[in-house]
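Peer 1: Chains as they are written, first to last, in my numbering: chain A, 15 to 394; chain B, -7 to 120. Submitted below is the structure of interest, expressed as structure tokens.
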Amino acid sequence: MSLYRSAAIAGVAESRLGIVGEATVLELQAEAAEEALAEAGIEKSEVDGLFCSGRWGRTPQLEVAEYLGINPAYSDGTSVGGASFEFHLGHAAAAIKAGLCEVALILYGSTQRSGKERSLAASQNLALQYESFAGLPNPVGAYALAASRHMAVHGTTRKDLAEVAVAARKWAQLNPKAFKRDPLTIEDVLAAQPVAEPLHRLDCCLVTDGGGAVVVVSPERAKRLAKRPVWLLGHGESHSHMLISQMPDLLSTPARDAGERAFAMAGLAANDIDVLQIYDSFTITVLLTLESLGFCRPGQSAAYVSGGRIAPGGEVALNTSGGGLSYCHPGMFGIFLIIEAVRQLRGECGPRQVRKHDTALISGTGGVFCSNATCILAGD
Amino acid sequence: MSDEATQVDELWWKGVEQERLLFQTCDACDAVNFYPRIRCVKCMSPRLSWRESTKQGTVYACTCIHRAPTADLAGEAPYFVVLADMDDGFRFMARLRNGPQQDISVGSRLTVVFEETKDKKIPCFEAV
């Protein structure tokens, strides 16, 4: 079954971001849901599909639905790390195409920065017992291992990684909602404290609070919206492991399979994409995902991002919000990739608006390169 | 976790206690299984045999950790964590013993040794 143009995004919104003080995860999701439905011109009573994931509870769908007063006919809590929301977008389109729901709400909220979120410790007695004694801090240590491998095989340097962080900051300086907007240089990134070498402090995403919401509707419902719809052209997903020690090849991520499926469904190729939103949990995540998606050949991602090519004014419009590195990162960033892509396709991004914005690719990575879902979107 | 799975895990940790690094091979399809399982990861056969590793391997990837994940390890930092391709055909993660002064990089040869910690004996790597 192809999901090509089987569903449209009708509304997107963030909650308050950054450090939200007294707000709870439910309050943040309520804020985002209200704003996303309002910009879509859809009443809450129309929502019949619910998609959410969060590390703050055992049954997040039940808690969110009860709090918002939603009684879904279709409910999906796929939880595969920060990419969950790109999985949800495809699953929502599939449910809509099958006629199981017509208005789907994708939600996320986290108060990890302010620390009022329950933390569910990893289950030490399952597979993790074969790794945890090694003393690897997760997830940063796993990404550091991949970076070390990329450096050894391809000669990538810390300066190449720093290009990603500096470009993200330059985009963030154009985004009033971004958490970090002070100037950042390559030298600053290189001089930052080491965390898990070769990754240093500024190679790592932010720790913020925040929430988001995305409203997905059927083509029929998309005829009556407050804003022009954004169409799903292609979607692909994949996951390959849970532990980094079980990842078959640290330089080839599940984005390879997910991206192939998404491009095939959309009938497009990498050079047809105007705007890229690629999960930047760490600088290395962007490099490996670009290679796995085929935007460049294996080993060529350092050259692809070099010399400000992915910064504002560069040849590639990538992570135009400032990304998880500079805009926000409330534990899981996937929903914010969708929000920024939709705003770019609608031409709503003000000083950071990309001139050519007909198509966008979103690539969410979850866990330690465990999962990926890639979505290709187009404006109306 | 089922009782059977617990037994697989217990057997592996008993090996560590005896300073043996265990893995499995499948009698049906020859696949190397690590971590150990109750059904073959490749073909689902229950006929898995325990093998003892030669404990020799090559660095596949490595990172020097400055922020340890636990209070117990904080005193050890900075230390290397290594992902190694073992000569027996499985990939294995462990900490490098003796801190970062050992000069290792991708391609370096390693051997597995065992170290007492507060809770239990664990495998570590040592540069060859």
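Heads up, the beta-carbon is just placed ideally off N, CA and C, and yes, glycines get one too.
Can you list, in chain order, the residues of its chain with a C-beta nearer than 8 Å to that of LEU257 of chain A? Leave out the 5 residues immediately preceding and following it.
Peer 2: The residue you call residue 257 of chain A lines up with position 243 of the first sequence. Excluding residues within five positions, the ones whose Cβ falls inside 8 Å are ALA141, LEU142, TYR144, GLU145 and VAL382.
Peer 1: With distance defined between alpha-carbon atoms, name the residue in B:GLU118, B:VAL120 and B:GLU108 nearest to TRP5 of chain B.
Peer 2: Residue numbering aside, residue 5 of chain B sits at position 13 when the second sequence is read from its first letter. Checking every option, the nearest Cα to that of TRP5 of chain B belongs to B:GLU108.
Peer 1: Do we get a CB-CB distance below 8 Å when we pair ARG163 of chain A with the residues of chain B?
Peer 2: Translated into positions along the first sequence, residue 163 of chain A becomes position 149. Judged by the 8 Å Cβ criterion, ARG163 of chain A is in contact with chain B.
Peer 1: Go through its chain and collect everything with a Cβ distance to SER(-6) of chain B's Cβ below 7 Å, but skip five positions before and after it.
Peer 2: For the purposes of this step, residue -6 of chain B is taken as residue 2 along the second sequence, with counting starting at 1. Since pLDDT at SER(-6) of chain B reaches only 45, below the 50 mark, its modelled position is unreliable, and the value read off the structure follows with that caveat. Here the set comprises nothing.
Peer 1: Are the beta-carbon atoms of PRO344 of chain A and TRP185 of chain A separated by less than 8 Å?
Peer 2: In the first sequence, the residue the question calls residue 344 of chain A occupies position 330. In the first sequence, the residue the question calls residue 185 of chain A occupies position 171. Contact: no.
Peer 1: Could you tell me which chain B residues have their CB closer than 8 Å to the CB of SER259 of chain A, listed as they occur along the chain?
Peer 2: Walking along the first sequence from the start, residue 259 of chain A turns up at place 245. Going along chain B in sequence order, the residues near SER259 of chain A (Cβ under 8 Å) are LEU75, ARG83, PHE84 and MET85.
Peer 1: Within 10 angstroms of the Cβ of GLN187 of chain A, are there 16 or more other Cβ atoms? Answer buried if so, exposed if not.
Peer 2: What you label residue 187 of chain A is simply residue 173 of the first sequence in a count that begins at 1. Result: buried.
Peer 1: Exposed or buried, ALA181 of chain A, counting other C-beta atoms within 10 Å across all chains shown (16 or more means buried)?
Peer 2: For this step, residue 181 of chain A is matched to residue 167 along the first sequence. Buried: at least 16 other Cβ atoms inside 10 Å.
Peer 1: If you scan the stretch 25 to 107 of chain B from start to end, which runs of the alpha helix (DSSP H) of 4 or more residues do you find wholly inside it?
Peer 2: DSSP runs (the alpha helix (DSSP H)) wholly in the stretch 25 to 107 of chain B: 63 to 66.
Peer 1: Give the secondary structure of GLY25 of chain A by DSSP, where H, G and I count as helix, E and B as strand, and everything else as coil.
Peer 2: The residue given as residue 25 of chain A occupies position 11 in the first sequence. In the structure shown, GLY25 of chain A sits in a strand (DSSP, three-state: E or B).
Peer 1: Report the residue ranges of all beta strand (DSSP E) runs contained in full by the stretch 315 to 383 of chain A; include only those spanning at least 3 residues, in chain order.
Peer 2: The stretch 315 to 383 of chain A contains these whole beta strand (DSSP E) runs: 373 to 380.
Peer 1: Would you mind stating whether PHE99 of chain A and GLY378 of chain A have Cβ atoms separated by less than 8 Å?
Peer 2: Position 85 of the first sequence, counted from the first residue, corresponds to residue 99 of chain A. Position 364 of the first sequence, counted from the first residue, corresponds to residue 378 of chain A. Contact: yes.
Peer 1: Under the three-state reduction of DSSP, which class applies to GLU36 of chain A: helix, strand or coil?
Peer 2: Residue mapping note: residue 36 of chain A aligns to position 22 of the first sequence, counting from 1. Correct three-state label for GLU36 of chain A: coil.
Peer 1: Check the DSSP bridge columns for PHE117 of chain B and list the partner residues they point to.
Peer 2: As a first step, residue 117 of chain B must be located in the second sequence, where it is residue number 125. BP columns for PHE117 of chain B point to B:LEU88 and B:VAL104.
Peer 1: Measure the beta-carbon distance from CYS219 of chain A to PHE350 of chain A and round it to whole angstroms, keeping in mind my assumption that it falls under 8 Å.
Peer 2: If you number the first sequence from 1, residue 219 of chain A lands on position 205. If you number the first sequence from 1, residue 350 of chain A lands on position 336. The pair is not a contact, with the Cβ atoms about 11 Å apart (cut-off 8 Å).
Peer 1: Shortest alpha-carbon distance to HIS164 of chain A belongs to which of A:LEU264, A:THR373, A:LEU31 and A:ASP196?
Peer 2: One-based indexing of the first sequence puts residue 164 of chain A at position 150. Answer by Cα proximity: A:LEU264.
Peer 1: Starting from ASP90 of chain A, follow the beta strand (DSSP E) in both directions and report where the run begins and ends.
Peer 2: Along the first sequence, one-based indexing puts residue 90 of chain A at 76. Taken as a continuous stretch (DSSP letters only), the beta strand (DSSP E) holding ASP90 of chain A covers 88 to 90.
Peer 1: So is ALA66 of chain B buried or exposed if we call it buried at 16+ other beta carbons inside 10 Å?
Peer 2: What you label residue 66 of chain B is simply residue 74 of the second sequence in a count that begins at 1. That one is exposed.
Peer 1: Would DSSP call VAL228 of chain A helix, strand or coil?
Peer 2: Numbered from 1 along the first sequence, position 214 holds the residue referred to as residue 228 of chain A. It is a strand residue.
Peer 1: In the DSSP output, what is PHE296 of chain A paired with across the bridge?
Peer 2: The residue labelled residue 296 of chain A in the question sits at position 282 within the first sequence. Partner(s): A:CYS218.
Peer 1: Tell me whether TRP245 of chain A sits in a helix, a strand or coil according to DSSP, three-state version.
Peer 2: Walking along the first sequence from the start, residue 245 of chain A turns up at place 231. Note: TRP245 of chain A maps to strand in three-state DSSP.
Peer 1: Starting from THR117 of chain A and walking both ways along the beta strand (DSSP E), at which residues does that stretch end?
Peer 2: Taking the first sequence and counting its residues from 1, one reaches residue 117 of chain A at position 103. Sequence inspection shows Val at residue 117 of chain A; the Thr mentioned does not correspond to that position. Unbroken beta strand (DSSP E) run through VAL117 of chain A: 117 to 124.
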